[in-house]
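Here's the structure, in structure tokens; my notes come after.
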Amino acid sequence: MLNIHNLSISFQGDYLFEDITFKLSPGDRIGLIGKNGAGKSTLLKILSKELEPDSGQIAADKNLSFGFLKQDIDFVYGRTVLQESYEAFKDIKELEAKMETINLQLAERTDYESESYNQLMIDLNDVQHQYEIIGGYNYQGDTEKILQGLGFKREDFNKLTDTFSGGWRMRIELAKLLLQNNDILLLDEPTNHLDIESIIWLENFLKNYSGAVVIVSHDKMFLDNVTNRTIEISLGRIYDYPKPYSKYLVLRNEIKEQQLAAQKNQQKQIEQTEKLIEKFRAKASKATMAQSLIKKLDRIDRIEVDEDDNSVMTLNFPVSLTPGKVVVHAENISKSYDDNHVLSDVNLMIERDTKTAFVGQNGQGKSTLAKIIVGDIKHQGRLKLGHNVQIGYFAQNQAEYLDGSKTVLDTMIDAANESNRSKVRDILGSFLFRGDEVEKYVRVLSGGERNRLALAKLMLQPLNVLIMDEPTNHLDIKSKNVLKEALNKFEGTLVLVSHDRDFLQGLTNRVYEFKDQKIKEYLGDIDFYLEQRNVENLRDVEKRTVVKEEPKVTNKQSYQDQKKVKALNNRLSKIESQISQLEKEIKEIDVDLATNYDEVVSDPSFFDSYQAKKDLLETLMVEWETVQEDLEFLN
Numbered sequence: 005m006l007n008i009h010n011l012s013i014s015f016q017g018d019y020l021f022e023d024i025t026f027k028l029s030p031g032d033r034i035g036l037i038g039k040n041g042a043g044k045s046t047l048l049k050i051l052s053k054e055l056e057p058d059s060g061q062i063a064a065d066k067n068l069s070f071g072f073l074k075q076d077i078d079f080v081y082g083r084t085v086l087q088e089s090y091e092a093f094k095d096i097k098e099l100e101a102k103m104e105t106i107n108l109q110l111a112e113r114t115d116y117e118s119e120s121y122n123q124l125m126i127d128l129n130d131v132q133h134q135y136e137i138i139g140g141y142n143y144q145g146d147t148e149k150i151l152q153g154l155g156f157k158r159e160d161f162n163k164l165t166d167t168f169s170g171g172w173r174m175r176i177e178l179a180k181l182l183l184q185n186n187d188i189l190l191l192d193e194p195t196n197h198l199d200i201e202s203i204i205w206l207e208n209f210l211k212n213y214s215g216a217v218v219i220v221s222h223d224k225m226f227l228d229n230v231t232n233r234t235i236e237i238s239l240g241r242i243y244d245y246p247k248p249y250s251k252y253l254v255l256r257n258e259i260k261e262q263q264l265a266a267q268k269n270q271q272k273q274i275e276q277t278e279k280l281i282e283k284f285r286a287k288a289s290k291a292t293m294a295q296s297l298i299k300k301l302d303r304i305d306r307i308e309v310d311e312d313d314n315s316v317m318t319l320n321f322p323v324s325l326t327p328g329k330v331v332v333h334a335e336n337i338s339k340s341y342d343d344n345h346v347l348s349d350v351n352l353m354i355e356r357d358t359k360t361a362f363v364g365q366n367g368q369g370k371s372t373l374a375k376i377i378v379g380d381i382k383h384q385g386r387l388k389l390g391h392n393v394q395i396g397y398f399a400q401n402q403a404e405y406l407d408g409s410k411t412v413l414d415t416m417i418d419a420a421n422e423s424n425r426s427k428v429r430d431i432l433g434s435f436l437f438r439g440d441e442v443e444k445y446v447r448v449l450s451g452g453e454r455n456r457l458a459l460a461k462l463m464l465q466p467l468n469v470l471i472m473d474e475p476t477n478h479l480d481i482k483s484k485n486v487l488k489e490a491l492n493k494f495e496g497t498l499v500l501v502s503h504d505r506d507f508l509q510g511l512t513n514r515v516y517e518f519k520d521q522k523i524k525e526y527l528g529d530i531d532f533y534l535e536q537r538n539v540e541n542l543r544d545v546e547k548r549t550v551v552k553e554e555p556k557v558t559n560k561q562s563y564q565d566q567k568k569v570k571a572l573n574n575r576l577s578k579i580e581s582q583i584s585q586l587e588k589e590i591k592e593i594d595v596d597l598a599t600n601y602d603e604v605v606s607d608p609s610f611f612d613s614y615q616a617k618k619d620l621l622e623t624l625m626v627e628w629e630t631v632q633e634d635l636e637f638l639n
């Protein structure tokens, strides 16, 4: 399908990676991992032919098509959801334009018997035939079906894309990729800005995708659920193993331990040989033997232990001065984007030194309220900041807040003042921007590097309140841990918008859940919130479009209906358990297929059993939907 041989690329004289070789085959679902700036996004751009490598070759099957989901989506303002989705069908749109032109000419002419008029009729017939072959009469219906499957309602179709949050825009881009039916999908941080329902949908889609998929992500659960192979870029090399992320880490560690043991044994042998050489050199009668041992030593292939890149940024948020007791006081805050009502009469009070989490599905107003607090967007209602409040704001989409035409150094110098301008290079060094890297333009930085630069900028301003909107997006796992430790030590007031339970654990002491234009306060940490909601993780909270509660007894609901609801709830729970078990079994089989194909398929009954599990899973999914609809009707 796709062969990559001895690929190399460098920036400003330093290699991101050098002479890397690997192969992509149908069914490969590769997790491409590595530190921020290791070259993951660059490799995707090379594979998609957006960027030329310095050296190496890429051999591809003829007519191979690529779908590339980038970190930062460029939407053309003024398009509706449907219009943007139709951009997936460029060939169909071109044929539509041709048909319109020909029909216009036919309508204006009256020389019906002429040869040129007859030729127009022939051309129209040819274009219509081609239009039908490539699905021109079906694409609009297919588009609406996919959009509805991704959570859009019909009334959303004609709304402008710029009225939707980043997560919903990402869904539109995913819809376009799905409609294109590409051979290879290149996904750069696909779960950033997505709510849990979208992530689960994407996981299910990718599990059944017949082509090859290369995914850059720092979401451990997503990688474990989707991938069957891991490629890590580290210090210019790649490590390629047919395992999902967590199993790869275990295997990589085992291999490194074996290398260390082998290297230790080899070193003992070398030392013994060197002692013999020194001993024999002193005797003329043993000189020939000494020379023989020296040659033997030169021929030894020295065992190398894989190096790890353990460099991490240094992060600390100092508090400028002590603010008043009440940091933010909001009354009757409302916000709408055209017909899309996000917040309605929201009241909020944030006190000094509290650490607050904003959670909930995308599009429910978390980022909107954060932007209202920092004064980025207009709103209805009254919002007042407390005495001596100095806010440091980390935006979800750093591309909108950093000037791509500036260098890293210029970005920092422009944000500095007289008192800290001399410290700019030291601050950049602590955020791993060293040497010539400070001369990089912001536009060429990876998502993780932009986040590090945004964090470095926060060091230049006085602050006692931190508002951070999805700060872990694009950050590698080590950087996430450094950021979490710094926020734990932060002695000021923190407001954190995040979907990441692991990151939130131990960081906050109150939670606001955003739902249906309102917010609800929980006076405890994220674990207390999940306990109150009676769920195990944020995924369960965010995917519950219908909250499963015991039905309330009303005059309208008969005793028989109550019994039906209880029975349906029990049935739903049993189906969900069966689905979960089947998905687990199919996933294990997929891993076995990827690692031990010949051994697995040697069993003549394998494919029948495998297909039976998939068929049963599909049947259960349909049954789940039916039971869910029955429950909604009774409730």
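Throughout, the numbering used here is defined as the position within the sequence shown, counted from one, plus 4.
Note that the Cβ used here is the ideal one computed from N, Cα and C, for glycine as well.
- Note that the C-beta distance between Leu511 and Lys359 is below 8 Å.
- Apart from sequence neighbours up to five positions away, the residues of its chain that approach Gln536 with a beta-carbon distance below 8 Å are Tyr526 and Gly528, ordered along the chain.
- In this structure, Lys484 is the residue among Arg429, Leu500, Lys484 and Ala374 with its C-alpha nearest to the C-alpha of His222.
- Runs of the alpha helix (DSSP H) lying entirely within the region 403 to 449, each at least 4 residues long, are 412 to 419 and 428 to 434 in chain order.
- Exposure of Glu98 is indicated by the presence of fewer than 16 other C-beta atoms within 10 angstroms of its C-beta.
- Beyond the five residues adjoining it in sequence on each side, Asp23 comes within less than 7 Å, by CB distance, of Asn10 and Ser12 in the same chain, given in chain order.
- In this structure, Leu352 sits away from Thr372, with a CB-CB distance that is not shorter than 8 Å.
- A distance below 7 Å between beta-carbons, with the five flanking residues on each side excluded, links Glu88 to the following residues of its chain, in chain order: Phe79, Thr165 and Ile176.
- Excluding sequence positions up to five before and after Phe226, its CB lies within less than 7 Å of the CB of Thr195, Ile203 and Glu207, all in the same chain and listed in chain order.
- The C-beta distance from Ile106 to Leu124 rounds to 6 Å, short enough to meet the 8 Å contact threshold.
- Excluding the 5 residues flanking it on each side, Thr231 has same chain C-beta neighbours closer than 7 Å at Arg33, Ile34, Gly35, Ile219, Pro248 and Tyr249, in chain order.
- Judged by their CB atoms, Leu319 and Ala490 are nearer to each other than the 8 Å cut-off.
- For Lys157, there are no CB contacts under 8 Å within the same chain when 5 residues up- and downstream are skipped.
- Contact between Ile150 and Ala111 does not hold, since their C-beta atoms are separated by about 34 Å, which reaches or exceeds 8 Å.
- For Asn392, the secondary structure class from DSSP, reduced to helix, strand or coil, is coil.
- Sequence-distant partners of Tyr135 (beyond 5 residues in either direction) whose C-beta falls short of 8 Å from its own C-beta, in its chain, are Ile96, Leu99, Glu100, Met103 and Tyr141.
- Across the structure, Ile523 and Gly452 are spaced so that their CA atoms are roughly 31 Å apart.
- If you look at Arg285, you'll find it in the alpha helix (DSSP H) that goes Tyr249 to Arg285.
- Asp223: not part of any alpha helix (DSSP H); DSSP gives it neither H nor E.
- Taking C-beta atoms under 8 Å as the contact rule, Arg356 and Asn40 fail to qualify, at a distance of about 33 Å.
- Bridge partners of Thr360 according to DSSP: Val499 and Arg514.
- When only Cα atoms are considered, His383 and Asp440 end up about 43 Å apart.
- DSSP places Asp166 in the helix class (H, G or I) of the three-state scheme.
- In the three-state DSSP reduction, Met103 falls in the helix class (H, G or I).
- Note that the region 579 to 589 touches the region 619 to 635; at least 3 beta-carbon pairs, one per stretch, sit closer than 8 Å.
- Taking 8 Å as the cut-off, the beta carbon of Ile471 is found closer than this to the beta carbon of Ile377.
- In the DSSP annotation of this structure, the continuous segment of the alpha helix (DSSP H) that includes Glu88 starts and ends at Val85 to Ser89.
- Non-local C-beta neighbours of Val631 in its own chain, meaning closer than 8 Å and more than five positions away in sequence, comprise Leu572, Arg575, Leu576 and Ile579, ordered along the chain.
- Shown here, Asp473 sits in a strand according to DSSP, grouped into three states.
- Contiguous alpha helix (DSSP H) elements confined to the region 560 to 621 occur at 563 to 599 and 601 to 605, taking only those with 4 or more residues.
- C-alpha of Leu6 to C-alpha of Asp342: approximately 46 Å in a straight line.
- Within a 10 Å sphere around the beta-carbon of Gln400 sit 16 or more other beta-carbons, which makes this residue buried.
- Burial is judged here by how many other beta carbons sit within 10 angstroms of a residue's own beta carbon; Thr114 has fewer than 16 and is exposed.
- DSSP, reduced to helix, strand and coil, places Met463 outside both helices and strands of the structure shown, so it counts as coil.
- In the three-state DSSP reduction, Met625 falls in the helix class (H, G or I).
- Check the Cα spacing between Arg233 and each of Phe321, Ala266, Leu255 and Thr84: the tightest is with Leu255.
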